[in-house]
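**Student:** Residues 18 to 392 in the working numbering are what the sequence shown spells out, letter by letter. Yeah, the Cβ is synthetic: ideal placement off N, Cα and C, and Gly gets one too. Source: prediction; values computed, not measured.
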Amino acid sequence: MSDTTLVLLAAGNSTRFSKPVKKQWLRIEEKPLWEHLADYITKYYSFHKVVIVANPQEVEVFRSVTNRKVIAGGNERQDSIINALKEVETEFVLISDVARACIPKDMLKRIIEKKEYYDCIVPYLKTPDTTVLNGEVLDRDNIKLIQTPQLSRTAFLKNALKNDLKSYTDESTLIQANGGRVSYVEGSLDAKKITYGEEIKELPCIKPPSPAQLNGYGFDVHRFEEGKTMWLCGLEIESSFGFKAHSDGDVALHALIDALLGACGLGDIGEWFPDTDDRYKDVDSKLLLNDTRDLVNRFGYDIVNCDIEIMAEAPKLKKYKTGMRKKVAEILKIRSERVNVKATTTEKLGFVGREEGVAVSAVATVKYFDWSKND
Ligand code: MG
Numbered sequence: 018m019s020d021t022t023l024v025l026l027a028a029g030n031s032t033r034f035s036k037p038v039k040k041q042w043l044r045i046e047e048k049p050l051w052e053h054l055a056d057y058i059t060k061y062y063s064f065h066k067v068v069i070v071a072n073p074q075e076v077e078v079f080r081s082v083t084n085r086k087v088i089a090g091g092n093e094r095q096d097s098i099i100n101a102l103k104e105v106e107t108e109f110v111l112i113s114d115v116a117r118a119c120i121p122k123d124m125l126k127r128i129i130e131k132k133e134y135y136d137c138i139v140p141y142l143k144t145p146d147t148t149v150l151n152g153e154v155l156d157r158d159n160i161k162l163i164q165t166p167q168l169s170r171t172a173f174l175k176n177a178l179k180n181d182l183k184s185y186t187d188e189s190t191l192i193q194a195n196g197g198r199v200s201y202v203e204g205s206l207d208a209k210k211i212t213y214g215e216e217i218k219e220l221p222c223i224k225p226p227s228p229a230q231l232n233g234y235g236f237d238v239h240r241f242e243e244g245k246t247m248w249l250c251g252l253e254i255e256s257s258f259g260f261k262a263h264s265d266g267d268v269a270l271h272a273l274i275d276a277l278l279g280a281c282g283l284g285d286i287g288e289w290f291p292d293t294d295d296r297y298k299d300v301d302s303k304l305l306l307n308d309t310r311d312l313v314n315r316f317g318y319d320i321v322n323c324d325i326e327i328m329a330e331a332p333k334l335k336k337y338k339t340g341m342r343k344k345v346a347e348i349l350k351i352r353s354e355r356v357n358v359k360a361t362t363t364e365k366l367g368f369v370g371r372e373e374g375v376a377v378s379a380v381a382t383v384k385y386f387d388w389s390k391n392d
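#1: Only counting the same chain, and skipping five residues up and downstream in sequence, which positions put a Cβ closer than 8 angstroms to that of D109?
#2: Check I394 in the structure and name its three-state DSSP category.
#3: Would you call the CB atoms of G251 and K344 closer than 8 angstroms?
#4: Among all the DSSP beta bridges, which residues are the ones paired with G259?
#5: Please report the residue range of the alpha helix (DSSP H) in which K175 lies.
#6: Per DSSP, what kind of secondary structure is N357 in: helix, strand or coil?
#7: For a test of your reading of the model: does the CB of D237 fall under 7 angstroms from any non-hydrogen atom of ligand 1? Yes or no.
#8: Please indicate yes or no: does the CB of A262 lie closer than 7 angstroms to some heavy atom of ligand 1?
#9: Give a single yes or no on whether V12 has its beta carbon closer than 7 angstroms to a heavy atom of ligand 1.
#10: Short of 8 angstroms in beta carbon distance, which residues of its chain neighbour L182, apart from the five on each side in sequence? Order them along the chain.
#11: Tell me whether H271, by its Cβ, gets closer than 7 angstroms to a heavy atom of ligand 1.
#12: Look at the alpha carbon of V375 and the alpha carbon of D207, and state the distance between them as a whole number of angstroms.
#13: Please report how far the alpha carbon of I88 lies from the alpha carbon of I99, in whole angstroms.
#14: How big is the Cα-Cα spacing for K245 and S257?
#15: Alpha carbon to alpha carbon, how far is L283 from K103? Give it in angstroms, no decimals.
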């Protein structure tokens, strides 16, 4: 049985990453980067357990992808580690950022084989460049560019985190500051952190995203309510009644949101915008669609197209259809011919036929964001 637990930190917000997609959700074929790294590293080393630390809002999405242990991270890297260590019972813990996608086997071997003798083992790179501080050229041999993963003695790390409340950017500096024995081993350029979009292309262990296209379906119904403003596909519709709803009642955008979330495997509108939440009382559904587009992009997808079918006996919608396509396309940031809007009656049948309300179904298609293309 292995005496080491692997902790992968995937809760970051990619603030230095220049794309709308979060870097942990970049796809390597079908897999998000964090899953790719977990699979890659566990293929050549056997851990007691793998713990993945996710942004609290994304925990359920992570769990829908993996059977591994997923826990919620904290505000800072150090808070995430404190949360993760609650799940660690082994003598050693190996902690890595998921942005280091191709941690080489020989580098991990250099770290692991010294574990009996130190409290922390940390890989580093030498700088190949002349380095100047305040006008003075530094001795390059004394400069270490610190990498992850770092292997720590679990008990020492837990104690140091309990007793030292200062913020550290990695385990080795925390352990050193608390009197631990730290060993530096040679790192690797393949374990370089992906910070900007271009760098991922230079890594040896990854393949471009799958060209698969994914479909989603959405359906929604709202009842008419006298005296309210009617909104459909983001346009105000001339009518003496609108829709009974917690939000502005734009039943067409709600169906579209469900279709988009469905295509990305992101659940449904109620999970992201609960109608029990006062923030969404009378909310403009265009804002919800805008947030949904952000979610779709954040989790690594681009929107291909969508098709919306509005089932209504009243009011008549023909004159609005082109405007609706343009409004939706503007929010989704895609071309308007990739948004289709259809209106139909139900031949006087059912609640739609009795003019009690409107039903809308929608489909949407997405594909993985292709980081391998130049843009
Ligand atoms: Mg609704």
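**Tutor:** In this structure, then:
#1: Residue 109 sits at position 92 when you count from the first residue of the sequence shown. Here the sequence assigns Phe to residue 109, which means Asp is not the residue at that position. D20, T21, T22, K132, L168, S169, R170, T171.
#2: Nothing can be reported for residue 394, as the shown portion of the chain is limited to 18 through 392.
#3: For this step, residue 251 is matched to residue 234 along the sequence shown. For this step, residue 344 is matched to residue 327 along the sequence shown. Yes. Within cutoff.
#4: To locate residue 259, count along the sequence shown from 1; it is residue 242. G259 is bridged to E242.
#5: Stepping through the sequence shown from its first residue, residue 175 is reached at position 158. Segment 171-180, the alpha helix (DSSP H) holding K175.
#6: Stepping through the sequence shown from its first residue, residue 357 is reached at position 340. If DSSP states are grouped into helix, strand and coil, N357 belongs with the strands.
#7: Here residue 237 refers to the residue found at position 220 when the sequence shown is read from its first residue. Answer for D237: yes, Cβ within range of ligand 1.
#8: The sequence position of residue 262 within the sequence shown is 245, counting from 1. Yes, the Cβ of A262 comes within 7 angstroms of a heavy atom of ligand 1.
#9: No answer is possible for residue 12: the residues shown for the chain start at 18 and end at 392.
#10: Counting from 1 along the sequence shown, the entry for residue 182 is found at position 165. Excluding residues within five positions, none has a Cβ falling inside 8 angstroms.
#11: Here the question's residue 271 lines up with position 254 in the sequence shown. H271: yes, Cβ under 7 angstroms from ligand 1.
#12: Mapped onto the sequence shown, residue 375 falls at position 358. Mapped onto the sequence shown, residue 207 falls at position 190. Rounded to whole angstroms, V375 to D207 spans 55 angstroms at the Cα level.
#13: Locating residue 88 in the sequence shown gives position 71, where the first residue counts as 1. Locating residue 99 in the sequence shown gives position 82, where the first residue counts as 1. Answer to the nearest angstrom: the Cα atoms are 11 angstroms apart.
#14: Position 228 of the sequence shown, counting from 1, holds the residue named residue 245. Position 240 of the sequence shown, counting from 1, holds the residue named residue 257. Distance between the alpha carbons of K245 and S257 is about 7 angstroms.
#15: As a first step, residue 103 must be located in the sequence shown, where it is residue number 86. As a first step, residue 283 must be located in the sequence shown, where it is residue number 266. Computed Cα separation, rounded: 28 angstroms.
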